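Let me begin by presenting the structure, written as structure tokens, before commenting on it.
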Amino acid sequence: MQRRQVLKAGLGSVVMALTPLSWAMPGRENADWLFSAVDGLDGKHYIAGVALDGKNRFMIEVPERCHGGCLRPDSRQAVLFARRPGTRMHVIDGDSRQLAHTIAAGEGYHFYGHGVFDLNGRYLYVTANRLEDSAGLVRVYDAANDYTHVRDMPLGGIGPHELRLMPDGDTLVIGLGGIQTHPDYGRVKLNLDTMAPALMLMNRHSGEVVARHAPSHHQLSCRHLDVAADGTVIAGYQFEGPEWESYPLICRLDAAGDFSELALPDEVTASLRHYTASVAFSRVSATVLVTAPRGNRVLLLDAEQGRLNANLELPDAAGARCDGNGGFLVSSGQGGLYRVTPDTAVPELLVTQEFRWDNHLT
Amino acid sequence: MIASLRRLGVAVAFLAAPLSALVSADADTNTPRDIWHSAIAQQYAELSNASERLEASATRFCQAPDESLKQRLESDWLGAYQAWQAVRFVQFGPIEQNSRGWQLQFWPDRKNLVGSKVEGWLQAGTTPTVEDIASDSVAIQGFPAIEYLLYDDAMSDWPLGEPAMCGLLQAISTHLADTSNALERDWQAFGVHYRDTPRYTETTLANAIQALETLEQKRLGEPMGLQGSPANRYLAEAWRSGNSIRLVESTLEGLRTGFLPGLSALLREADALPLAEAFRDQLDKTLAKTGDLPPGLTTSLDDEAFRGQQSLYLNIGQLNYLLGTEIAAELGLVRGFNSSDGD
Numbered sequence: 024m025q026r027r028q029v030l031k032a033g034l035g036s037v038v039m040a041l042t043p044l045s046w047a048m049p050g051r052e053n054a055d056w057l058f059s060a061v062d063g064l065d066g067k068h069y070i071a072g073v074a075l076d077g078k079n080r081f082m083i084e085v086p087e088r089c090h091g092g093c094l095r096p097d098s099r100q101a102v103l104f105a106r107r108p109g110t111r112m113h114v115i116d117g118d119s120r121q122l123a124h125t126i127a128a129g130e131g132y133h134f135y136g137h138g139v140f141d142l143n144g145r146y147l148y149v150t151a152n153r154l155e156d157s158a159g160l161v162r163v164y165d166a167a168n169d170y171t172h173v174r175d176m177p178l179g180g181i182g183p184h185e186l187r188l189m190p191d192g193d194t195l196v197i198g199l200g201g202i203q204t205h206p207d208y209g210r211v212k213l214n215l216d217t218m219a220p221a222l223m224l225m226n227r228h229s230g231e232v233v234a235r236h237a238p239s240h241h242q243l244s245c246r247h248l249d250v251a252a253d254g255t256v257i258a259g260y261q262f263e264g265p266e267w268e269s270y271p272l273i274c275r276l277d278a279a280g281d282f283s284e285l286a287l288p289d290e291v292t293a294s295l296r297h298y299t300a301s302v303a304f305s306r307v308s309a310t311v312l313v314t315a316p317r318g319n320r321v322l323l324l325d326a327e328q329g330r331l332n333a334n335l336e337l338p339d340a341a342g343a344r345c346d347g348n349g350g351f352l353v354s355s356g357q358g359g360l361y362r363v364t365p366d367t368a369v370p371e372l373l374v375t376q377e378f379r380w381d382n383h384l385t
Numbered sequence: 026m027i028a029s030l031r032r033l034g035v036a037v038a039f040l041a042a043p044l045s046a047l048v049s050a051d052a053d054t055n056t057p058r059d060i061w062h063s064a065i066a067q068q069y070a071e072l073s074n075a076s077e078r079l080e081a082s083a084t085r086f087c088q089a090p091d092e093s094l095k096q097r098l099e100s101d102w103l104g105a106y107q108a109w110q111a112v113r114f115v116q117f118g119p120i121e122q123n124s125r126g127w128q129l130q131f132w133p134d135r136k137n138l139v140g141s142k143v144e145g146w147l148q149a150g151t152t153p154t155v156e157d158i159a160s161d162s163v164a165i166q167g168f169p170a171i172e173y174l175l176y177d178d179a180m181s182d183w184p185l186g187e188p189a190m191c192g193l194l195q196a197i198s199t200h201l202a203d204t205s206n207a208l209e210r211d212w213q214a215f216g217v218h219y220r221d222t223p224r225y226t227e228t229t230l231a232n233a234i235q236a237l238e239t240l241e242q243k244r245l246g247e248p249m250g251l252q253g254s255p256a257n258r259y260l261a262e263a264w265r266s267g268n269s270i271r272l273v274e275s276t277l278e279g280l281r282t283g284f285l286p287g288l289s290a291l292l293r294e295a296d297a298l299p300l301a302e303a304f305r306d307q308l309d310k311t312l313a314k315t316g317d318l319p320p321g322l323t324t325s326l327d328d329e330a331f332r333g334q335q336s337l338y339l340n341i342g343q344l345n346y347l348l349g350t351e352i353a354a355e356l357g358l359v360r361g362f363n364s365s366d367g368d
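Just so you know, the protein sequences line up as chains A and B, in that order. If you count the first sequence from 1, you need to add 23 to reach the numbering used here. If you count the second sequence from 1, you need to add 25 to reach the numbering used here.
Below, the structure is given as structure tokens:
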């Protein structure tokens, strides 16, 4: 808390007319501003910075549809990533509200839409595809040196998606989606019958894969996840198999390292329509929120007990993050930004924007 | 023979489901989803039959290649391709499994992957088996790859029925028939789930809207240069054989037979039958436009057919507006962003 106040005070004279952006790192316990990939009603792609009052905002047009993002600790930067098979990541300077850098994945690579910094904000870890052999990688970039590429760490699998830093600061947790794509083929999924998804842990220094947990069905693509302060991980799947079959869509890696899938009532699983988007812990309690845009649902779960606390309707529910007070902010592909708290029955509409929020809030 | 044995073997696994699907279809065929399910089942059956005719035609041609059997083969290829266009608006259910829609038709093909894949096999020195094709890229598995073998300029110097060409042709056509057979069977098995799950009403509508948008923007607008980029005939489907407009026509006919009856039932339930009539009239008018046009797509502004294509494009736009805006609003259909194309 204190650090953020210092930051704000120090910046006051520089920002002048601009509303100061509040950046809390790395716990992100508060958010005055949100960053998200959005599509305009004009069909163009943007990165949006939006104040919670909904009045202050800025939009930066980008050539590809972006997806997730992350904040750089101890800085005023946010990074947003093109979704597959996009090839760019964009560093946004929060003070000037402008694009500071655009970094290309490089010939023969594309990104998957997610990245995360280490605790110091020096190294950025980005999920990527090496096209020549479809190898899933974590690519490492040095933010202190203009985001130069440092090295690649192979995951021994295809299609890494969201990744986060574990509380130890040394371990990355990665959702390996298992789906092979290639830019020549657009978004065609090339290996649906031979997918091998996993929830993985990797040492960010050595690149050693220290754990690999396979979902209960090979077509459960492990995509999005969040980590609680105690190291509990909740991850969401997207099922790529027959839509008339039903499988668990949420898994947990508990603080002791035990992997399990949450058994929700069948009708709840069915209502998600095989697809989860964002996962966000409240960071105040064990409550975790999962969005399901196809099912127009938001689930609130007790991550410790593996119990469903609430199942709310929210149209095209997409991005999610904690609000710092035990609640959550949730965006909708239809333009709304909502607050969801553990004790309200109906999501509270905060603002409506004339654009389509993509699946994640930063 | 091998192919049909394999198909039989796969069918056993699905035996329990199709029977129950058929029984409940007989019990009640009145609801919109009942109507859709059986109309689409018929379309998949036609695709399956047409693909088997194509497979048989390829075999006959390769046994005794001559010009008349080649013409027959071309006609059977187009017939099966058109049967696929008719049911192409359905993008949910069994068609999603293993990217089957892409297997049947990899398009658009901006990098000519179809050409390079076919050339790769032709130069390989070995004849691919059906399994080779099944485990290879979607670019080699479908109608466009056969079109390359039958129509591409690069093939014009090849002797009729040349073994490498014929081996590849037969493997692809058998794979196509396998895929179409499986689709027909799996759609039957899917019936109970489809009819029992109300949200498929919305899904079916959204798929038809998507099909019209694709028709307007991608299948006509982009190659004709009406979407902000210069005209490019290579972006059209079936440009090698000059059948782009025929395929558009088949999709519209498929919406007439496979989609309109269920839509009419749905709008009747909503007490909005005039909208169904308006949609039918506009669909008929649009279909009549395709009938007046040559089979291929022209990108030349000087060509009189271009004006006809523009008129077709506008008519499809009106059809799209009618379904995607007016009828969707009447039925309370709201289309998602991440829910239809998330990651």
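Here a beta-carbon is modelled for each residue, glycine too, at the ideal position from N, C-alpha and C. These figures come from a predicted structure and were not determined experimentally.
Pair within 8 Å by beta-carbon distance, Y173 (chain B) and H62 (chain B): Contact check for Y173 (chain B) against H62 (chain B) fails: the beta carbons are separated by 8 Å or more.
Which class does T2 (chain A) belong to by DSSP, given the choice of helix, strand or coil? No answer is possible for residue 2 (chain A): the residues shown for chain A start at 24 and end at 385.
Count the C-beta pairs between the segment 56-69 of chain A and the segment 360-378 of chain A that are closer than 8 Å, then say yes if the count reaches three, no if not. Yes, the segment 56-69 of chain A touches the segment 360-378 of chain A.
Test item: CB-CB of E274 (chain B) and G342 (chain B) under 8 Å: Judged by their CB atoms, E274 (chain B) and G342 (chain B) are not nearer to each other than the 8 Å cut-off.
Pairwise C-alpha distance: R244 (chain B) and I273 (chain A): Rounded to whole angstroms, I273 (chain A) to R244 (chain B) spans 39 Å at the Cα level.
Would you kindly work out how many angstroms separate the C-alpha atoms of L215 (chain A) and I202 (chain A), rounded to a whole number? When rounded, the distance between both Cα atoms is 7 Å.
For K67 (chain A), which residues in chain B fall below 8 Å Cβ to Cβ? Simply none; closest approach about 12 Å.
So, does the segment 348-365 of chain B touch the segment 312-323 of chain B, judging by three or more C-beta pairs under 8 Å? No, they do not touch.
Cβ pair E278 (chain B), A111 (chain B) closer than 8 Å: For E278 (chain B) and A111 (chain B), yes; Cβs fall inside 8 Å.
Residues near K95 (chain B) in its chain [Cβ-Cβ closer than 7 Å; skip 5 each side]: Here K95 (chain B) has F86, L185 as same chain residues with Cβ atoms under 7 Å from its own Cβ, once five neighbours each way along the sequence are excluded.
Pairwise C-alpha distance: G182 (chain A) and E52 (chain A): Low confidence applies here, because E52 (chain A) scores a pLDDT of 44, under 50, leaving its location unreliable; read the following figure in that light. Approximately 30 Å, taken between the alpha carbons.
For chain B, check one thing: does any of its Cβ atoms lie closer than 8 Å to the Cβ of W267 (chain A)? It does; some Cβ of chain B falls within 8 Å.
Using a C-beta to C-beta distance shorter than 8 Å, which residues of chain E count as neighbours of A300 (chain A)? Among the chains of the structure shown, chain E does not appear; the protein chains present are A and B.
For G118 (chain B), count neighbouring Cβ atoms within 10 angstroms of its own Cβ and tell me buried if that reaches 16, exposed if not. Flag for G118 (chain B) reads buried.
Could you check the C-alpha separation between G269 (chain B) and D101 (chain B) for me, to the nearest Å? Reading off the sequence shown, one finds Ser at residue 269 (chain B), where the question assumed Gly. Straight-line Cα distance between these residues: approximately 16 Å.
Where N345 (chain B) meets chain A, residues with beta-carbon distance less than 8 Å: Residues of chain A passing the Cβ test: none, with the nearest at roughly 15 Å.
Measure how close the beta-carbons of D175 (chain A) and L160 (chain A) come, nearest whole angstrom, since I'm counting them as under 8 Å. About 5 Å separates the beta carbons of D175 (chain A) and L160 (chain A), which is inside the 8 Å limit, making them a contact pair.
Span of the alpha helix (DSSP H), counted from its first residue to its last, around S141 (chain B): Looking at the DSSP string, the run of the alpha helix (DSSP H) that includes S141 (chain B) is 138-148.
Listing by chain order, which chain A residues have their CB less than 7 Å from the CB of N123 (chain B)? Those within 7 Å of N123 (chain B) in chain A are L215, D216.
Could you tell me whether any Cβ in chain A is nearer than 8 Å to the Cβ of K136 (chain B)? Answer yes: the Cβ-Cβ gap between K136 (chain B) and chain A drops below 8 Å somewhere.
V163 (chain B) CB to nearest chain A CB: under 8 Å? Residue-level contact by beta carbon holds for V163 (chain B) and chain A, with a gap shorter than 8 Å.
Grab the span of the alpha helix (DSSP H) containing S293 (chain B) for me, first residue to last. What sits at residue 293 (chain B) in the sequence shown is Arg, not Ser. 285-294 is the extent of the alpha helix (DSSP H) around R293 (chain B).
Determine the extent of the beta strand (DSSP E) in which G72 (chain A) is found, giving its start and end residues. Bounds of the beta strand (DSSP E) holding G72 (chain A) are 68-74.
Within this structure, are the beta carbons of A123 (chain A) and Y146 (chain A) separated by less than 8 Å? Cβ atoms of A123 (chain A) and Y146 (chain A): not closer than 8 Å.
In its own chain, which residues sit with a C-beta less than 8 Å from the C-beta of A290 (chain B), not counting the 5 before and 5 after it? If we look at A290 (chain B) and ignore the five residues flanking it on each side, its Cβ neighbours are N55, T56, P57, I60.
Put G50 (chain A) into one of helix, strand or coil per three-state DSSP. Any reading at G50 (chain A) must be qualified, since the residue scores a pLDDT of 39, below 50, and its modelled position is unreliable; the value itself is stated next. G50 (chain A): coil per DSSP, three-state reduction.
Best match in B:D182, B:D221, B:F131, B:A189 for proximity to Q166 (chain B) [C-alpha to C-alpha]: Out of B:D182, B:D221, B:F131, B:A189, B:F131 has the C-alpha closest to the C-alpha of Q166 (chain B).
Which bits of chain A does V143 (chain B) rub up against, with CB to CB less than 7 Å? Chain-ordered listing is empty here: chain A has no CB closer than 7 Å to the CB of V143 (chain B), the nearest sitting near 15 Å.
Taking DSSP as the reference, what is the three-state secondary structure of G118 (chain B)? Look at G118 (chain B) here: in three-state DSSP terms it is helix.
For D339 (chain A), collect the residues of the same chain with a Cβ closer than 6 Å to its Cβ; drop the 5 residues on either side in sequence, then sort them by chain order. Closer than 6 Å at Cβ, skipping near neighbours: P316, S355, G356, Q357.
Cross-chain neighbours of G136 (chain A) in chain B, by beta carbon under 8 Å: By Cβ distance, chain B contributes D368.
Return the chain-ordered list of same chain residues with a C-beta closer than 6 Å to the C-beta of D346 (chain A), the five sequence neighbours on each side being excluded. Only L352 meet the Cβ criterion.
Going by C-alpha to C-alpha distance, which of A:L276, A:D76, A:V233, A:S239 sits closest to M218 (chain A)? Taking each of A:L276, A:D76, A:V233, A:S239 in turn and checking the Cα distance to M218 (chain A), the smallest one comes out for A:S239.
Hey, how far is the Cα of E294 (chain B) from the Cα of D368 (chain B)? Roughly 36 Å between the two C-alpha positions.
Measure how close the beta-carbons of T255 (chain A) and I197 (chain A) come, nearest whole angstrom, since I'm counting them as under 8 Å. Here T255 (chain A) is actually not in contact with I197 (chain A); their C-beta atoms are around 16 Å apart, not less than 8 Å.
Compute the Euclidean distance between the alpha carbons of L323 (chain A) and G333 (chain B), then round it to the nearest angstrom. Approximately 55 Å between the Cα atoms of the pair.
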